[in-house]
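Shown next, in structure tokens, is the structure this report addresses.
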Amino acid sequence: MSASAEPDAVLARNSVPRTVEGAGSARRFLFVSAVIVICAWVLVPIYLLLVNTLSSPQEVTSFPKSFVPSFDFGSIQFFVSFAGVAKALWNSILVAILTMAMSLALGAPAGYALSRFEFAGKEVFRMLVVMTRAFPLPLLALPLAIFFIRTGLDDTAIGLALVHTVLAIPFAALITFSLFSGIPLEFEEAAWTLGCTRWQAFYKVVLPLVLPGIAASAVFAFIISWNEVFAAAVLTIENRTLPAFLVQNLNVSPLHLKFAGGAAMVIPALVFIFAVRKYLFAMWGIASR
Amino acid sequence: MAEIVIKNVAKSFGAFQALHSIDLNISDQEFMVLLGPSGCGKTTLLRIVAGLETPSAGEVWIGGRRVDRLPPRERGIAMVFQNYAVFPHLTVFENIAFGLRMQKLSRQVIDERVRRTAALMHIEQLLKRYSGQLSGGQRQRVAVARALAMEPDVILMDEPLSNLDALLRLEMRAELKGVLDASQTTTLYVTHDQVEAMSLADRIAVMNEGRIVQASTPVEIYRNPAAHFVGSFIGNPPMNFIPATPVAPGEWDVAGLRLSGPQAGDSLEFAIRPEDLDVAPGGLEAVVRVVEPLGPHTLVTTEVGGRLFRAVLESDMPVAPGDELSLVPKEGRVRWFDPGTGQVV
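Protein chains in written order, with our numbering: chain A, 76 to 364; chain B, 1006 to 1350.
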């Protein structure tokens, strides 16, 4: 009797965990394949871009293709020595940094005010901030160009940065609004009772806590400017930013130059985001470990 | 040395009148508790003293100095918040040192004071941790240590124990009382928990609907409530109330029982605490509805004159639902309230 009961028990013991295990492995399979798909989605284009950038001009146009870069710097050399690239790159960085600084300088206080104070028209203001994004830039192009020419802002980094700032401010204001809203007012009040002025409480308590988010919105503003091509193409002639410069020149350029130009656009953005990734992911406590 | 004087303080938020002309004196080193149901204005009053809210009218004086227009940092106060507000980006040490660094004290003084207050609150071993690595009770201790390290004239506490579990609350309550007694500061403490208020306070100010209904010692508030509200809010179970009708000057009919009372008006409210009743002949006729043995005594819910009426009886008293009891009010424990104003007569 016990002999017949035992196999049953073993069977029961084995069969129950097996179904659970089955569900577990199916979940793991789904998870892993989702991770692979998402990684491929991002990495394959970048990989192809890099392979072609790091191949000689001949390899880029040849067939069949090799998927291992030959580390020939011919394309890059050609791109870098291409007249105006270095200057355009410098302009892009300058405009992006100016945009970053101005959009945060204007957007972050707006975000703080939106999260901390009650004032008439607050909701309308928030709506309007978003609405600016809905306004078609091409409509503004001509009046802006004329205005810029009259005031001497045309073809300057600061002039273009002003336009990019307008594009980036809604994001800066709304991202910082949600950041500040995530910091309990009690923290600030505690700091006030411990001897801080409003400003001291802000930079000793609130700022350190929102810094990761501020970094994220700074990167965001940087990328908005870095990628923006329309205003850059309309408002600059000599001092073109890289996207505007590429739009102007690459149409008529050979393929390897386009790849090198694409890489030049993508890599700085990637590097920048990689550099601040800690601030992008991390909440306090995780970061400090 | 700091007494708090609150003169005629009122506060309105738009059309809502949160505080109606509050007057309250808190003497030096006194432990004053503001007690009331939620929305009664007790936290608003505390925040006005702290300087986190501006009064619509009236004056606040701390230590002989008028402070109602000063920012919180110039008032000589320290505050413990309901959610502790322990800064998450600083270690426990830096949290406690925060206010001291603002005062630009020397490193030795800061170090010494942080360690002393940390020892007082039993958190010496946590000084290098971050808030995220602390339990609620430990965070609470850090918040209190941070306030004490300031060596303030006045400590303000806004429901500091309400987020702790019951056991921890009991432990912290006793500890807070000891620590605050020893620190010799004036304390203003907000709570909605009457047991907390009774056990901590030198004096309790009972608040309701933006007014202080009664401010007195815990025993006085319990024994001699100044208003119907105090009697019904303080005490668990609360006071019993029965409407009384006059039968002769100074003689009142209370659910069929003739009692002598004050000579006033043509209607009064008879009130008695559940533990001030004896089972004896010639009392209020009560029909037992529910019997709850609680160990040291038995809580009996009865019906007297069609109203719920509770009595706390000896636990060896044999009672069962359906029994009829005669409950005699103890000598000197009956209170009479004016049903119109709710005030004691």
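Virtual Cβ for every residue (Gly too), placed ideally from N, Cα, C.
Using the beta-carbon of each residue, which ones in chain A are nearer than 8 Å to residue i?
i                       : result
residue 1078 of chain B : 267, 268, 269, 270, 271, 272
residue 1063 of chain B : The contacting residues do not exist; residue 1063 of chain B stays about 21 Å from chain A at best.
Across which residues does DSSP place residue i in a beta bridge pair?
i                       : result
residue 1136 of chain B : Beta-bridge pairing links residue 1136 of chain B to no other residue.
residue 250 of chain A  : None, per the DSSP bridge assignment.
residue 1296 of chain B : B/1305
residue 1085 of chain B : B/1162
residue 1331 of chain B : B/1290
residue 217 of chain A  : Answer is none; residue 217 of chain A lacks a bridge partner.
residue 1195 of chain B : B/1039, B/1163
residue 1096 of chain B : B/1135
Rounded to the nearest angstrom, how far is the Cβ of residue i from that of residue j, given a contact under 8 Å?
i                       : j                       : result
residue 1212 of chain B : residue 1047 of chain B : 5 Å
residue 1007 of chain B : residue 1067 of chain B : 6 Å
residue 1005 of chain B : residue 1312 of chain B : This structure cannot settle anything about residue 1005 of chain B, because the visible part of chain B is limited to 1006 through 1350.
residue 289 of chain A  : residue 173 of chain A  : The pair is not a contact, with the Cβ atoms about 17 Å apart (cut-off 8 Å).
residue 1165 of chain B : residue 1108 of chain B : Between residue 1108 of chain B and residue 1165 of chain B the Cβ distance is about 23 Å, and since that is not below 8 Å, they are no contact.
residue 962 of chain B  : residue 1131 of chain B : No answer is possible for residue 962 of chain B: the residues shown for chain B start at 1006 and end at 1350.
residue 267 of chain A  : residue 1074 of chain B : Incorrect: roughly 15 Å between the Cβ atoms, too far for contact.
residue 1012 of chain B : residue 1064 of chain B : 4 Å
residue 150 of chain A  : residue 132 of chain A  : 6 Å
residue 1318 of chain B : residue 1284 of chain B : 7 Å
residue 219 of chain A  : residue 310 of chain A  : 7 Å
Could you tell me the boundaries of the alpha helix (DSSP H) in which residue i lies?
i                       : result
residue 1113 of chain B : 1112-1125
residue 1221 of chain B : Counting along the chain, residue 1221 of chain B falls outside any alpha helix (DSSP H), though it belongs to the beta strand (DSSP E) covering 1216-1221.
residue 273 of chain A  : 273-276
residue 318 of chain A  : 317-325
residue 1155 of chain B : Note, residue 1155 of chain B: premise wrong, no alpha helix (DSSP H); not H, not E.
residue 307 of chain A  : 305-310
residue 1188 of chain B : 1171-1188
residue 197 of chain A  : 197-209
residue 266 of chain A  : 260-268
residue 1057 of chain B : Segment: none, residue 1057 of chain B is in no alpha helix (DSSP H) and carries neither H nor E.
Starting from residue i, follow the beta strand (DSSP E) in both directions and report where the run begins and ends.
i                       : result
residue 1276 of chain B : 1273-1277
residue 1160 of chain B : 1159-1163
residue 1022 of chain B : 1021-1031
residue 1063 of chain B : 1062-1067
residue 1263 of chain B : 1262-1265
residue 1128 of chain B : That residue, residue 1128 of chain B, is in no beta strand (DSSP E); it is neither H nor E in DSSP.
residue 1018 of chain B : 1009-1018
residue 1245 of chain B : 1245-1253
residue 1342 of chain B : 1340-1342
residue 1281 of chain B : It is not in any beta strand (DSSP E) - residue 1281 of chain B carries neither H nor E in the DSSP assignment.
residue 177 of chain A  : Unbroken run through residue 177 of chain A is the alpha helix (DSSP H), 160-191; no beta strand (DSSP E).
residue 1213 of chain B : 1208-1213
residue 1256 of chain B : 1256-1259
residue 1316 of chain B : 1312-1319
For a contact defined as C-beta to C-beta under 9 Å, what are the partners of residue i on chain B?
i                      : result
residue 284 of chain A : 1092, 1093, 1094
residue 318 of chain A : Chain B residues near residue 318 of chain A: none, gap ~38 Å exceeds 9 Å.
List, in order along the chain, the chain A residues whose C-beta lies closer than 9 Å to that of residue i?
i                       : result
residue 1082 of chain B : 268
residue 1155 of chain B : 268, 269, 270
residue 1088 of chain B : 259, 261
Applying a beta-carbon distance threshold of less than 7 Å, which residues of chain A neighbour residue i?
i                       : result
residue 1055 of chain B : 268
residue 1367 of chain B : In the structure displayed, chain B extends from 1006 to 1350; residue 1367 of chain B sits before or after that span and is not available.
residue 1098 of chain B : Near residue 1098 of chain B there are no residues of chain A at all, since even the closest Cβ is about 14 Å away, more than 7 Å.
residue 1104 of chain B : 269, 270
Chain C partners of residue i, CB-CB under 9 Å?
i                      : result
residue 264 of chain A : Here chain C cannot be found, since the structure's protein chains are A and B.
Give the interface partners of residue i over in chain B, defined as CB-CB distance under 7 Å, in chain order.
i                      : result
residue 280 of chain A : 1092
Would you say the segment 1238-1246 of chain B touches the segment 1269-1279 of chain B, given that touching needs at least three Cβ pairs under 8 Å? yes
Does the segment 298-308 of chain A come close enough to the segment 260-278 of chain A to have 3 or more Cβ pairs within less than 8 Å? no
Between the segment 318-332 of chain A and the segment 190-202 of chain A, can you find at least three pairs of beta-carbon atoms closer than 8 Å? With a cut-off of 8 Å, the segment 318-332 of chain A and the segment 190-202 of chain A do not count as touching, because too few Cβ pairs lie within range.
Could you tell me whether the segment 1217-1231 of chain B touches the segment 1103-1121 of chain B, using the rule of 3 or more Cβ pairs below 8 Å? no
With three or more beta-carbon pairs closer than 8 Å as the criterion, would you say the segment 201-220 of chain A touches the segment 141-150 of chain A? no
Report yes or no: do the segment 280-287 of chain A and the segment 111-129 of chain A share at least 3 C-beta pairs separated by less than 8 Å? no
Between the segment 1027-1040 of chain B and the segment 335-343 of chain A, can you find at least three pairs of beta-carbon atoms closer than 8 Å? No contact exists between the segment 335-343 of chain A and the segment 1027-1040 of chain B.
Is it a yes or a no for the segment 1330-1342 of chain B touching the segment 1261-1276 of chain B, going by three-plus beta-carbon pairs under 8 Å? yes
Segment contact, 8 Å Cβ cut-off, at least three pairs: the segment 221-236 of chain A with the segment 164-173 of chain A: yes
If contact is defined by three or more beta carbon pairs under 8 Å, each pair taking one atom from either stretch, is the segment 243-252 of chain A in contact with the segment 181-191 of chain A? yes
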